Amino acid sequence: MFGLQPTHLIIILVVALLLFGPSKLPEIGKAMGKTIREFQTGIKEATQGFSDEVKTDAAKTPAPSACKSCGKPLAAADAKFCAECGAAQT
């Protein structure tokens with residue numbers, strides 16, 4: 003945990019107790035927990051929005067259709083026959 007040893011954590015807790023007092027520590031802990039939770043939620047929403055945009059962009063880009071027989075590009079995406087080799091595209 004960030005290279006902190008148990009003695010370091012105890013010293014930090016004692017200093018916090020001296021600075022804020024025992025009555026304020028639960029309030030500070032609650033506020034910090036709420037802040038971290040909101041930050042995590044914001045990161046998840048941003049990541050979700052970005053991945054949705056990427057999926058939408060990928061879905062909009064039509065895949066180039068190629069002949070199943072010769073592999074050359076078809077003249078139209080819904081072509082029934084290849085213009086190069088004449089193979090049926092079903």
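The opening residue of the sequence shown carries number 3 in this note's numbering; numbering runs sequentially from there. The C-beta atom is built at its ideal place from N, Cα and C for all residues, glycine as well. Please read all numbers here as calculations on a predicted model, not as lab measurements.
Would you report the Cα separation of residue i and residue j, rounded to the nearest angstrom?
i	j	result
lysine 36	lysine 46	15 angstroms
cysteine 87	glutamate 55	38 angstroms
valine 10	threonine 58	Sequence check: residue 10 is histidine here, not valine. For histidine 10 and threonine 58, the distance between alpha carbons rounds to 49 angstroms.
methionine 3	serine 53	Low confidence applies here, because methionine 3 scores a pLDDT of 49, under 50, leaving its location unreliable and the question unanswered by this model.
alanine 48	methionine 34	21 angstroms
Run through DSSP, which three-state label would residue i get?
i	result
alanine 18	helix
phenylalanine 83	strand
alanine 48	helix
proline 75	strand
alanine 33	helix
Could you name the residues of the same chain whose beta carbon sits closer than 7 angstroms to that of residue i, not counting the 5 residues immediately before and after it, in chain order?
i	result
isoleucine 30	Phe22
alanine 81	Gln91
Quick one: residues in its chain with C-beta nearer than 6 angstroms to the C-beta of residue i, no 5 flanking neighbours on either side, listed in chain order?
i	result
lysine 74	Glu86
cysteine 72	Glu86, Cys87
Between which residues of its own chain and residue i is the CB-CB distance below 8 angstroms, once the five residues before and five after are set aside?
i	result
phenylalanine 83	Ala89, Ala90, Gln91
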